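Structure first, commentary second.
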Amino acid sequence: MTNAVSNQVPTSTSPGINRALTITGAVLAVSIAVWAYLVYSAPLDSVQGLIQKILYVHVPCWFAAYAGFVVTAVCGAFYLWKNDERFDRVAVAGAEVGVLFCTLGLVTGPIWAKGTWGHWWAWDPRLTVTLLLWFIYLAYLLLRSFTEGSTRTARFAAVYGIAGIAVIPLNYFAIQLFGGAAMHPNNLERGSLGTGMGWPFAAAVVTALIAMLHLVLLRVDLENKRIAADANAAEWDSDEDF
Amino acid sequence: MNALLAVLWKDLLTEWRSRDRAIAMLLFSMLMVVIFHFSLPGGATTATRAYAPGLLWVAYVFAALLGLGRSFAIELENDAIEGLARAPVDRGWVLLGKTIANLLILGFVQAVTACIFALVFEMDLLPIALELIGVVALGSIGLCSVGTFFAAIAVRTRLREVMLPLLALPFYTPVLIAASRATNALFETGSVPFEPIQFLIVTDASYLIVSFILSDFVLDE
Amino acid sequence: MTAVVARELEKRFGSTVGLNRIDLDIQAGSTTAILGPNGAGKSTLLRLIAGLARPSSGTIEVSGRSAHHRISRARVGFIGHATGLYPELTARENLLFAARLRSVPNASARVEEQLAEAGLTRAADRRTGGFSRGMAQRLSIAVGLIDDPEIVLLDEPFTGLDRTASDRLVERLMGLRQNDRTLVLVSHDVTLAAKLADAAVVLRRGKIAHRDSGGDLDPSTLENAYTAASDRDVA
Chain P
6 MTNAVSNQVP
16 TSTSPGINRA
26 LTITGAVLAV
36 SIAVWAYLVY
46 SAPLDSVQGL
56 IQKILYVHVP
66 CWFAAYAGFV
76 VTAVCGAFYL
86 WKNDERFDRV
96 AVAGAEVGVL
106 FCTLGLVTGP
116 IWAKGTWGHW
126 WAWDPRLTVT
136 LLLWFIYLAY
146 LLLRSFTEGS
156 TRTARFAAVY
166 GIAGIAVIPL
176 NYFAIQLFGG
186 AAMHPNNLER
196 GSLGTGMGWP
206 FAAAVVTALI
216 AMLHLVLLRV
226 DLENKRIAAD
236 ANAAEWDSDE
246 DF
Chain G
10 MNALLAVLWK
20 DLLTEWRSRD
30 RAIAMLLFSM
40 LMVVIFHFSL
50 PGGATTATRA
60 YAPGLLWVAY
70 VFAALLGLGR
80 SFAIELENDA
90 IEGLARAPVD
100 RGWVLLGKTI
110 ANLLILGFVQ
120 AVTACIFALV
130 FEMDLLPIAL
140 ELIGVVALGS
150 IGLCSVGTFF
160 AAIAVRTRLR
170 EVMLPLLALP
180 FYTPVLIAAS
190 RATNALFETG
200 SVPFEPIQFL
210 IVTDASYLIV
220 SFILSDFVLD
230 E
Chain X
-6 MTAVVARELE
4 KRFGSTVGLN
14 RIDLDIQAGS
24 TTAILGPNGA
34 GKSTLLRLIA
44 GLARPSSGTI
54 EVSGRSAHHR
64 ISRARVGFIG
74 HATGLYPELT
84 ARENLLFAAR
94 LRSVPNASAR
104 VEEQLAEAGL
114 TRAADRRTGG
124 FSRGMAQRLS
134 IAVGLIDDPE
144 IVLLDEPFTG
154 LDRTASDRLV
164 ERLMGLRQND
174 RTLVLVSHDV
184 TLAAKLADAA
194 VVLRRGKIAH
204 RDSGGDLDPS
214 TLENAYTAAS
224 DRDVA
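Protein chains in written order, with the numbering used here: chain P, 6 to 247; chain G, 10 to 230; chain X, -6 to 228.
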């Protein structure tokens, strides 16, 4: 019995994840330092002044948030395909970290907006779509906590996580076609950034993505430990029967 | 196809026997008209007619959510859902049968609600009846396809009544935006612009396809 | 010929193990009794064969195809714990729905046949919401057998049946055996299982604790295996 149970539940900390965490942790520390220095030394915006520097927090948050949601959808699809619960653990990590960054973006956005557009909130397409996405992945996390049975939870969540990514273009086009005017700049590529802002921005995006990766790995590790602990507890219970 | 027709027949017959879902949805949307009246400055009259298309769709969306939630409750009573899950066809057909049944039940509620709106806001809907039916049908296909799909999920969670709106509403926004625009244009000019209709068709098609493909994962266990 | 093949079949519910790497072959035309105490994984096994649950790992196949495939689902009839009936519909309508859902040819003739078989001809046009437990159970069995499936799975089918209905069901199952149907029967009743089945599996905590496929089952051997499986759980 003991053998059988410990065989099918992965050990509490897999060395692979530990090694990856050390690497991402180290890279993240360096990257944060570089990002802080570059943002500090980046030129002030000639029109907006100091508040423009929120760009180096606000926009990278979206990259990290969307990356997190994509992780959720892709791992959800793999879970449905391969029926391997490890994908589900990564999927839930992606959603939680995605929601975290999405919340950060939704908080920093209005601060910047109040300073430059003069309003806290604007029903601009990009903003509205992201808000809806935030609702979708919060609903995803609620769905997980309200569903009983681990396989059912994982399956329902995977389905919803995939649908959540699929609905982005529909919402985006609907709002763009029939909704309010766009406030955000059309492209975030070269041209919309002033001279000297390119490198700090790039560093900010890289830092956010590494932070996302690090947090996802931490969360997966936590889930692994939780499941292992549950399995130990279950084993303990069944031993008491004898 | 057999399975689709069987489910459609069964759902409509069950509803016809009890009529509880249609009556509840109808009362709910009538109550909403009353609530709209008290929440609009100046009440629901000719003066606030401009709000009618949007409010009409708000009423439709919430009536739909109410009915969709019940749609799978009848399957859980004696675990009849297992029979559906074991049907020897792609489960998409089963779900599509339920979607069409929901669409027809919702359609009845929508027709009555539209009449009440016409009465309260003093609009003559008869000349544009056909166009209105078309727009409402296109919008409702979107609502019922993902709605039935998410209802299958929500009904097997705790707090199912809360879960369905949370799951479905972010998916209802594109439908709601396009359908209320089209209805608005219809009420104002008497004709429907092509753009929202085109958008609704694309949305309906994508919702139907996605829920058909993923249906295999929501009916068992 | 084997009708059902399970290899390393495992089903977990979170950290609890429902079935623990089971290997099982069920011969076509045989009657297999699945015995065991509560929570041993009997119903889980049946639901996996019916395509109502998916394995956590390993495989379960019906006639060479994954049990979950729609062609496999067409071969299997399942009579579970719940009746699966719609209370708003009459007995006849419930059967007709099952027949249409499973594309049974000559549906209405088959429905009348099943009504007679279940002894429900006179109650055919009553809504099943008002049925007694026994009537509902009889109808539920009729629904499960509506398309005359090759493999019939029964989860405690005798629950709620009185003596006459029980005897009728035993007779019916014997009839199915003679028509080369494969039966899988989950039961607590060892004596009845020994009488009906020609193979038996005793499950304990998701593992096969005892198997017997000698053809004629010896009730006392089974009884001992069953008691052994249950005892260790209670003590």
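Note that CB positions come from ideal geometry on N, CA and C, so glycine has one too.
Remember, predicted model here, so these are calculated numbers, not experimental data.
Contact under 9 Å by Cβ, residue i with residue j
{"i": "tyrosine 84/P", "j": "alanine 163/P", "result": "yes"}
{"i": "tyrosine 155/G", "j": "tyrosine 216/G", "result": "This sequence places valine at residue 155/G; tyrosine is not what is there. In contact: valine 155/G and tyrosine 216/G (Cβ atoms closer than 9 Å)."}
{"i": "lysine 4/X", "j": "glycine 168/X", "result": "no"}
{"i": "isoleucine 15/X", "j": "valine -3/X", "result": "no"}
{"i": "threonine 121/X", "j": "leucine 78/X", "result": "yes"}
{"i": "tyrosine 238/G", "j": "glycine 151/G", "result": "The structure shown does not extend to residue 238/G, since chain G spans only 10 to 230, so no value can be given for it."}
{"i": "leucine 115/G", "j": "glycine 76/G", "result": "yes"}
{"i": "aspartate 118/X", "j": "alanine 92/X", "result": "no"}
{"i": "leucine 178/X", "j": "alanine 190/X", "result": "yes"}
{"i": "glutamate 143/X", "j": "serine 56/X", "result": "yes"}
{"i": "threonine 54/G", "j": "phenylalanine 130/G", "result": "yes"}
{"i": "arginine 66/X", "j": "arginine 95/G", "result": "yes"}
{"i": "alanine 222/X", "j": "proline 30/X", "result": "yes"}
{"i": "alanine 208/P", "j": "valine 44/P", "result": "yes"}
{"i": "threonine 135/P", "j": "leucine 111/P", "result": "yes"}
{"i": "serine 43/X", "j": "leucine 146/X", "result": "It should be pointed out that residue 43/X corresponds to alanine in this sequence rather than to serine. Yes. Within cutoff."}
Exposed unless 16 or more other CB atoms sit within 10 angstroms - verdict on residue i
{"i": "histidine 124/P", "result": "exposed"}
{"i": "tryptophan 139/P", "result": "buried"}
{"i": "tryptophan 128/P", "result": "exposed"}
{"i": "cysteine 124/G", "result": "exposed"}
{"i": "alanine 38/P", "result": "exposed"}
{"i": "isoleucine 109/G", "result": "buried"}
{"i": "serine 133/X", "result": "buried"}
{"i": "methionine 10/G", "result": "exposed"}
{"i": "threonine 152/X", "result": "exposed"}
{"i": "glutamine 171/X", "result": "exposed"}
{"i": "asparagine 99/X", "result": "exposed"}
{"i": "methionine -6/X", "result": "exposed"}
{"i": "asparagine 87/G", "result": "buried"}
Any C-beta of chain G under 9 Å from that of residue i
{"i": "glycine 123/X", "result": "no"}
{"i": "alanine 111/X", "result": "no"}
{"i": "glutamate 153/P", "result": "yes"}
{"i": "glycine 77/X", "result": "yes"}
{"i": "arginine 47/X", "result": "yes"}
Reduced DSSP category for residue i - H, G, I as helix; E, B as strand; rest coil
{"i": "serine 59/X", "result": "strand"}
{"i": "glutamine 53/P", "result": "coil"}
{"i": "valine 98/G", "result": "coil"}
{"i": "histidine 74/X", "result": "coil"}
{"i": "serine 50/X", "result": "strand"}
{"i": "threonine 7/P", "result": "Only weak support is given to the placement of threonine 7/P: the predicted model assigns it a pLDDT of 40, under 50, and the question is left unresolved by the model."}
{"i": "histidine 203/X", "result": "strand"}
{"i": "arginine 167/G", "result": "coil"}
{"i": "glycine 30/P", "result": "helix"}
{"i": "asparagine 13/X", "result": "strand"}
{"i": "threonine 212/P", "result": "helix"}
Nearest candidate by alpha-carbon position, reference residue i, set the options
{"i": "leucine 35/G", "options": "Phe180/G, Gly148/G, Gln119/G and Ala214/G", "result": "Gln119/G"}
{"i": "glycine 22/X", "options": "Ser96/X, Leu41/X, Asp173/X and His203/X", "result": "Asp173/X"}
{"i": "glycine 148/G", "options": "Trp66/G, Arg58/G, Val16/G and Met10/G", "result": "Trp66/G"}
{"i": "valine 184/G", "options": "Pro202/G, Cys153/G, Ser200/G and Leu195/G", "result": "Cys153/G"}
{"i": "threonine 113/P", "options": "His63/P, Thr29/P, Leu214/P and Ala72/P", "result": "His63/P"}
{"i": "isoleucine 277/P", "options": "Cys107/P, Val52/P, Thr121/P and Ala31/P", "result": "Chain P is shown only over 6 to 247; residue 277/P falls outside these bounds and no answer can be derived."}
{"i": "methionine 41/G", "options": "Arg30/G, Met172/G, Ala61/G and Leu139/G", "result": "Ala61/G"}
{"i": "isoleucine 232/P", "options": "Met(-6)/X, Ala116/X, His181/X and Val10/X", "result": "Val10/X"}
{"i": "serine 180/X", "options": "Leu2/X, Phe90/X, Glu1/X and Ile72/X", "result": "Ile72/X"}
{"i": "glutamine 57/P", "options": "Cys80/P, Gly120/P and Cys66/P", "result": "Gly120/P"}
{"i": "alanine 138/G", "options": "Leu195/G, Val227/G and Phe221/G", "result": "Leu195/G"}
{"i": "valine 248/P", "options": "Cys66/P, Asp89/P, Thr77/P and Trp40/P", "result": "Residue 248/P is absent from the structure shown; chain P starts at 6 and stops at 247."}
Minimum Cβ-Cβ distance from residue i to chain P less than 9 Å
{"i": "arginine 0/X", "result": "no"}
{"i": "threonine 182/G", "result": "yes"}
{"i": "serine 133/X", "result": "no"}
{"i": "glycine 29/X", "result": "no"}
{"i": "arginine 40/X", "result": "no"}
{"i": "glycine 44/X", "result": "no"}
Residue-level contact to chain X via CB, residue i, 9 Å cutoff
{"i": "glutamate 90/P", "result": "yes"}
{"i": "threonine 23/G", "result": "yes"}
{"i": "lysine 107/G", "result": "no"}
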